[in-house]
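Q:
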Amino acid sequence: MSAPPPDAHATPTPELLQALKDAVGEKGWSDDPRDMAPHLVDQRGLYHGATALMLRPATVEEVADCVRLCAEARVPIVPQGGNTGLVGGAVPFEHGGEILLCLSRMNRIRELDAVNHTMTAEAGCILETVQTAARDAERYFPLSLGAQGSCQIGGNMATNAGGCAVLRYGHMRELVLGIEAVLPDGRIYKGLKSLRKDNSGYDLNQLLIGSEGTLGIITAGVLKLFPPPVERHTAFAGVASPQAALDLFSRARETLGDAVTAFELMPRIALDFVLAHIPGTRDPLAAPQPFYVLCEATATRRDSALADALHALLETAMDDGLVGDATVAAGETQASALWKLRESVPEAQKHEGGSIKHDISVPIAALPAFMDRACERVTALIPGVRVVAFGHVGDGNIHFNLSQPKDAEREAFLARWDEASRMVHDTVVEMNGSISAEHGIGRLKREELVRLADPLELEQMRAIKRALDPHNIMNPGKLVLPG
Ligand code: FAD
Ligand code: ZN
Numbered sequence: 029m030s031a032p033p034p035d036a037h038a039t040p041t042p043e044l045l046q047a048l049k050d051a052v053g054e055k056g057w058s059d060d061p062r063d064m065a066p067h068l069v070d071q072r073g074l075y076h077g078a079t080a081l082m083l084r085p086a087t088v089e090e091v092a093d094c095v096r097l098c099a100e101a102r103v104p105i106v107p108q109g110g111n112t113g114l115v116g117g118a119v120p121f122e123h124g125g126e127i128l129l130c131l132s133r134m135n136r137i138r139e140l141d142a143v144n145h146t147m148t149a150e151a152g153c154i155l156e157t158v159q160t161a162a163r164d165a166e167r168y169f170p171l172s173l174g175a176q177g178s179c180q181i182g183g184n185m186a187t188n189a190g191g192c193a194v195l196r197y198g199h200m201r202e203l204v205l206g207i208e209a210v211l212p213d214g215r216i217y218k219g220l221k222s223l224r225k226d227n228s229g230y231d232l233n234q235l236l237i238g239s240e241g242t243l244g245i246i247t248a249g250v251l252k253l254f255p256p257p258v259e260r261h262t263a264f265a266g267v268a269s270p271q272a273a274l275d276l277f278s279r280a281r282e283t284l285g286d287a288v289t290a291f292e293l294m295p296r297i298a299l300d301f302v303l304a305h306i307p308g309t310r311d312p313l314a315a316p317q318p319f320y321v322l323c324e325a326t327a328t329r330r331d332s333a334l335a336d337a338l339h340a341l342l343e344t345a346m347d348d349g350l351v352g353d354a355t356v357a358a359g360e361t362q363a364s365a366l367w368k369l370r371e372s373v374p375e376a377q378k379h380e381g382g383s384i385k386h387d388i389s390v391p392i393a394a395l396p397a398f399m400d401r402a403c404e405r406v407t408a409l410i411p412g413v414r415v416v417a418f419g420h421v422g423d424g425n426i427h428f429n430l431s432q433p434k435d436a437e438r439e440a441f442l443a444r445w446d447e448a449s450r451m452v453h454d455t456v457v458e459m460n461g462s463i464s465a466e467h468g469i470g471r472l473k474r475e476e477l478v479r480l481a482d483p484l485e486l487e488q489m490r491a492i493k494r495a496l497d498p499h500n501i502m503n504p505g506k507l508v509l510p511g
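Residue 29 is where the sequence shown starts when you use our numbering, and the numbers rise one by one after that.
Right under this line is the structure:
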């Protein structure tokens with residue numbers, strides 16, 4: 029599919045461009061190709077876009093003025109946060125007729141209410157800045173993910189980001205209490221409530237979370253904070269299969285309760301890639317194991333006896349033959365080294381040639397069957413393909429990535445992306461799963477959404493889009509295509 033229908037939109041005129049520049053002032057825009065270049069290509073280099081103007085408004089009023097001007101002129105806008113998204117949602121189309129609006133100058137923490145355990149942060153705050161501000165106030169903001177040094181909290185809201193502690197704290201839908209946003213006609217939605225209970229009708233905040241910039245521009249949010257963890261115990265265990273990992277997961281939850289904060293899975297091939305390509309890494313176990321689990325348990329009060337419980341869990345599991353070997357980090361340095369093994373998998377995979385990536389979820393109990401079925405099918409399709417399936421097994425979310433067969437032609441392998449993806453996604457749907465567990469739909473999966481979503485659900489999504497954005501100017505051609 030190409031870009032959205034050009035006749036529905038106007039091309040930006042010199043008058044509109046001038047009015048937009050006036051609305052944001054000198055510091056608030058650029059049309060210098062060198063400034064704009066990093067904003068016109070996505071994280072994975074799959075999409076290269078164009079624009080006549082990049083806006084960087086500093087206040088919600090400036091955002092509203094920009095959107096109103098574009099709405100009146102019927103010129104589309106693409107909101108952009110840290111541009112770390114993995115589905116091409118934040119990059120304008122190649123035709124260049126869209127205005128790019130970056131939130132980076134809206135980066136103030138407006139309020140931190142320690143008693144209410146909330147923080148009101150503007151959309152352009154970097155995730156790491158939000159985490160630090162919470163820590164400085166002896167509070168904890170639990171969203172944590174590989175891109176946290178550059179992604180923005182607005183982008184996290186817009187994509188309903190999850191990360192490594194979803195198991196315990198939930199994803200952004202569960203971490204946001206209120207939102208301020210500019211709607212597609214330029215009006216400001218003032219939903220910055222910090223209430224934990226509010227049953228007064230449809231929830232606009234939840235509509236905006238995960239809407240990938242297609243229903244409005246999020247300018248601020250009220251975030252939930254928690255008591256900081258004071259104990260963290262990280263274990264790395266070898267298991268024979270995904271089923272064994274799930275059995276260990278069940279036992280961990282039975283014995284450690286909601287102290288289990290993360291439960292990640294990676295296969296041996298992923299560890300081999302990391303050890304081969306990431307400097308400073310080493311195998312923490314004596315002998316190779318077919319799969320590995322990284323389990324983290326945290327406590328918010330000291331002397332919780334959590335360390336003993338974790339050791340006991342692993343010892344029993346080893347006695348029962350469920351775990352082949354295991355180690356528990358002796359301190360923060362060792363814990364970071366274990367996390368590095370898991371978090372470096374995508375980087376290590378780059379060194380092994382082309383990869384075709386999937387971000388899927390299925391009900392947790394169905395994961396082993398999914399892995400078997402999907403592996404069998406992709407191997408039949410592309411003999412020699414190397415399946416690197418790793419991820420947040422505690423959330424039923426696997427990054428079912430395929431590395432090209434050794435010595436294969438990279439481009440020839442990547443040319444099979446759609447064919448392989450359809451096969452994997454069909455398997456996901458057979459198991460009542462999702463084709464996008466955490467990265468969103470964006471541009472990459474919009475056709476797959478049309479192909480696989482329940483027609484009624486798709487119809488309702490399109491109705492919501494038309495109701496909020498009747499002229500289809502807010503990030504058109506992303507997430508939900510007009511019917
Ligand atoms: P962008 O990439 O700039 O934008 C993403 C989408 O949101 C686009 O459609 C854009 O138009 C829209 N958007 C951005 N800001 C706004 C706004 N203020 N208002 C309205 N729309 C907006 N995700 C997980 O869930 N779990 C993970 O473990 C995880 N790990 C990751 C690791 C790495 C190394 C990377 C690169 C990404 C990872 N992600 C993960 C994806 C991550 O959630 C997103 O990249 C991030 O949340 C997007 O934030 P951003 O500010 O970069 O948004
Ligand atoms: Zn992930």
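Beta carbons are placed, not taken as given, at the ideal position from N, Cα and C, and that holds for glycine. Small disclaimer: the values here were computed from a predicted structure and weren't measured.
#1: Going straight from the alpha carbon of K252 to that of Q176, what length do you get?
#2: Is it the case that the Cβ atoms of L68 and G77 are separated by a distance below 8 Å?
#3: Cα-Cα, which of T361, P374 and Q317 is closest to V351?
#4: Check this for me: beta carbons of L284 and L334, under 8 Å apart or not?
#5: Under 6 Å, CB to any heavy atom of ligand 2. Which residues pass, going along the chain?
#6: If we count the other Cβ atoms within 10 Å of its Cβ and call it buried at 16 or more, is T39 buried or exposed?
#7: CB of E240 to nearest heavy atom of ligand 1: below 7 Å?
#8: What is the DSSP secondary structure of Q71, reduced to helix, strand or coil?
#9: Leaving aside the five residues before and after F428 along the sequence, list all residues of the same chain whose C-beta is less than 7 Å from its C-beta, in chain order.
#10: How many Å lie between A440 and R133 at the Cα?
#11: Roughly how many whole angstroms lie between the Cα atoms of Q71 and L430?
#12: CB L293 to CB F264, shorter than 8 Å?
#13: In angstroms with no decimal places, state the Cα-to-Cα distance between G468 and P433.
#14: Tell me which residue opens and which closes the beta strand (DSSP E) that T289 is part of.
#15: Rounded to the nearest angstrom, what separates A189 and G424 at their Cα positions?
#16: Would you check if there are 3 or more beta carbon pairs closer than 8 Å linking the stretch 93 to 113 to the stretch 177 to 186?
#17: Could you check whether the Cβ of V457 sits closer than 7 Å to any heavy atom belonging to ligand 1?
#18: Given a threshold of 16 other Cβ atoms within 10 Å of its Cβ, counted over all protein chains shown, does K218 qualify as buried or as exposed?
#19: Determine the DSSP secondary structure at N503, reduced to helix, strand or coil.
#20: To the nearest angstrom, how far is it from the Cα of I426 to the Cα of I297?
#21: So, at 6 Å on beta carbons, what are the nonlocal neighbours of D35 in its own chain, with the 5 sequence-adjacent residues on each side left out?
#22: List in chain order: all unbroken alpha helix (DSSP H) runs of 4+ residues lying wholly within the stretch 125 to 181.
#23: Given this structure, state the Cα-to-Cα distance separating G308 from P391, to the nearest angstrom.
#24: What does the alpha-carbon distance come out to for the pair G214 and A495?
#25: L81 and L48 - do their beta-carbons sit closer together than 8 Å?
#26: I want to know whether the stretch 137 to 154 touches the stretch 237 to 251 - three or more CB-CB distances under 8 Å.
#27: Mind checking whether V373 and V302 have CB atoms under 8 Å apart?
#28: Looking only at its chain, what residues have a beta carbon closer than 7 Å to the beta carbon of P312, apart from the 5 residues adjacent to it on each side?
#29: Report back the beta-carbon spacing between P396 and Q271 to the nearest angstrom; my notes put them in contact at under 8 Å.
#30: What span of residues does the alpha helix (DSSP H) with Y197 cover, start to end?
#31: Give me the Cα-Cα distance between K493 and A465, rounded to the nearest whole angstrom.
#32: Evaluate contact between the stretch 86 to 101 and the stretch 50 to 58, counting only Cβ atoms and requiring at least three cross-stretch pairs below 8 Å.
#33: Do A290 and E324 count as a contact pair if the criterion is CB distance below 8 Å?
#34: Candidates R138, G174 and R167: which alpha carbon is nearest T112's?
#35: So the alpha helix (DSSP H) K368 belongs to, where does it begin and stop?
#36: Distance check for A314 and D442, CA to CA, integer angstroms please.
A: Here's the rundown:
#1: Here residue 252 refers to the residue found at position 224 when the sequence shown is read from its first residue. Here residue 176 refers to the residue found at position 148 when the sequence shown is read from its first residue. Rounded to whole angstroms, K252 to Q176 spans 17 Å at the Cα level.
#2: Here the question's residue 68 lines up with position 40 in the sequence shown. Here the question's residue 77 lines up with position 49 in the sequence shown. Yes.
#3: Sequence index remark: in the sequence shown, residue 351 carries index 323 (1-based). Ranking T361, P374 and Q317 by Cα distance to V351 puts Q317 first.
#4: Stepping through the sequence shown from its first residue, residue 284 is reached at position 256. Stepping through the sequence shown from its first residue, residue 334 is reached at position 306. Contact flag set, yes.
#5: G419, H420, H427 and E466
#6: In the sequence shown, counting from the first residue as 1, residue 39 sits at position 11. Flag for T39 reads exposed.
#7: The residue given as residue 240 occupies position 212 in the sequence shown. For ligand 1, at least one heavy atom lies less than 7 Å from the Cβ of E240.
#8: Stepping through the sequence shown from its first residue, residue 71 is reached at position 43. Reduced to three states, the DSSP call for Q71 is coil.
#9: Here the question's residue 428 lines up with position 400 in the sequence shown. So the list reads H386, I388, A402, A417 and V452, once near-sequence residues are dropped.
#10: Looking up residue 440 in the sequence shown gives position 412. Looking up residue 133 in the sequence shown gives position 105. Cα to Cα, A440 sits roughly 42 Å from R133.
#11: Locating residue 71 in the sequence shown gives position 43, where the first residue counts as 1. Locating residue 430 in the sequence shown gives position 402, where the first residue counts as 1. Their Cα atoms are separated by approximately 18 Å.
#12: Position 265 of the sequence shown, counting from 1, holds the residue named residue 293. Position 236 of the sequence shown, counting from 1, holds the residue named residue 264. Not a contact, by the Cβ cut-off of 8 Å.
#13: Residue numbering aside, residue 468 sits at position 440 when the sequence shown is read from its first letter. Residue numbering aside, residue 433 sits at position 405 when the sequence shown is read from its first letter. Straight-line Cα distance between these residues: approximately 28 Å.
#14: Counting from one through the sequence shown, the residue named residue 289 turns up at place 261. V288 to P295 is the extent of the beta strand (DSSP E) around T289.
#15: Residue mapping note: residue 189 aligns to position 161 of the sequence shown, counting from 1. Residue mapping note: residue 424 aligns to position 396 of the sequence shown, counting from 1. Approximately 15 Å, taken between the alpha carbons.
#16: yes
#17: Translated into the one-based positions of the sequence shown, residue 457 becomes position 429. No, Cβ of V457 sits at least 7 Å from all heavy atoms of ligand 1.
#18: Residue mapping note: residue 218 aligns to position 190 of the sequence shown, counting from 1. K218 comes out exposed.
#19: As a working mapping, residue 503 is identified with position 475 in the sequence shown. Of the three classes helix, strand and coil, the one that applies to N503 here is coil, per DSSP.
#20: Numbered from its first residue, the sequence shown carries residue 426 at position 398. Numbered from its first residue, the sequence shown carries residue 297 at position 269. Whole-angstrom Cα-Cα distance: 15 Å.
#21: In the sequence shown, counting from the first residue as 1, residue 35 sits at position 7. Low confidence applies to D35: its pLDDT is 49, below 50, so where it sits in the model is not reliable, and the reading given next is rough at best. So no residue of the chain qualifies.
#22: 155 to 164
#23: Along the sequence shown, one-based indexing puts residue 308 at 280. Along the sequence shown, one-based indexing puts residue 391 at 363. Cα to Cα, G308 sits roughly 36 Å from P391.
#24: As a first step, residue 214 is located in the sequence shown; it is residue number 186 there, counting from the start. As a first step, residue 495 is located in the sequence shown; it is residue number 467 there, counting from the start. The straight-line gap from Cα to Cα measures roughly 14 Å.
#25: Along the sequence shown, one-based indexing puts residue 48 at 20. Along the sequence shown, one-based indexing puts residue 81 at 53. The answer is yes: Cβ separation under 8 Å.
#26: yes
#27: Within the sequence shown, the letter at position 345 stands for residue 373. Within the sequence shown, the letter at position 274 stands for residue 302. Yes; because the gap between Cβ atoms is below 8 Å, this pair is in contact.
#28: As a working mapping, residue 312 is identified with position 284 in the sequence shown. F264, T355 and L366.
#29: Numbered from its first residue, the sequence shown carries residue 396 at position 368. Numbered from its first residue, the sequence shown carries residue 271 at position 243. That pair is a contact at about 4 Å.
#30: By one-based count along the sequence shown, residue 197 stands at place 169. Element bounds for Y197: V194 to Y197.
#31: Residue numbering aside, residue 493 sits at position 465 when the sequence shown is read from its first letter. Residue numbering aside, residue 465 sits at position 437 when the sequence shown is read from its first letter. Going by the C-alpha atoms only, they are around 21 Å apart.
#32: yes
#33: Within the sequence shown, numbered from 1, the residue matching residue 324 stands at position 296. Within the sequence shown, numbered from 1, the residue matching residue 290 stands at position 262. Contact: yes.
#34: Residue mapping note: residue 112 aligns to position 84 of the sequence shown, counting from 1. Cα-wise, what sits closest to T112 is G174.
#35: Locating residue 368 in the sequence shown gives position 340, where the first residue counts as 1. Counting along the chain, the alpha helix (DSSP H) containing K368 begins and ends at E360 to E371.
#36: In the sequence shown, counting from the first residue as 1, residue 442 sits at position 414. In the sequence shown, counting from the first residue as 1, residue 314 sits at position 286. A small correction: the amino acid at residue 442 is Leu; Asp does not occupy that position in the sequence shown. The straight-line gap from Cα to Cα measures roughly 36 Å.
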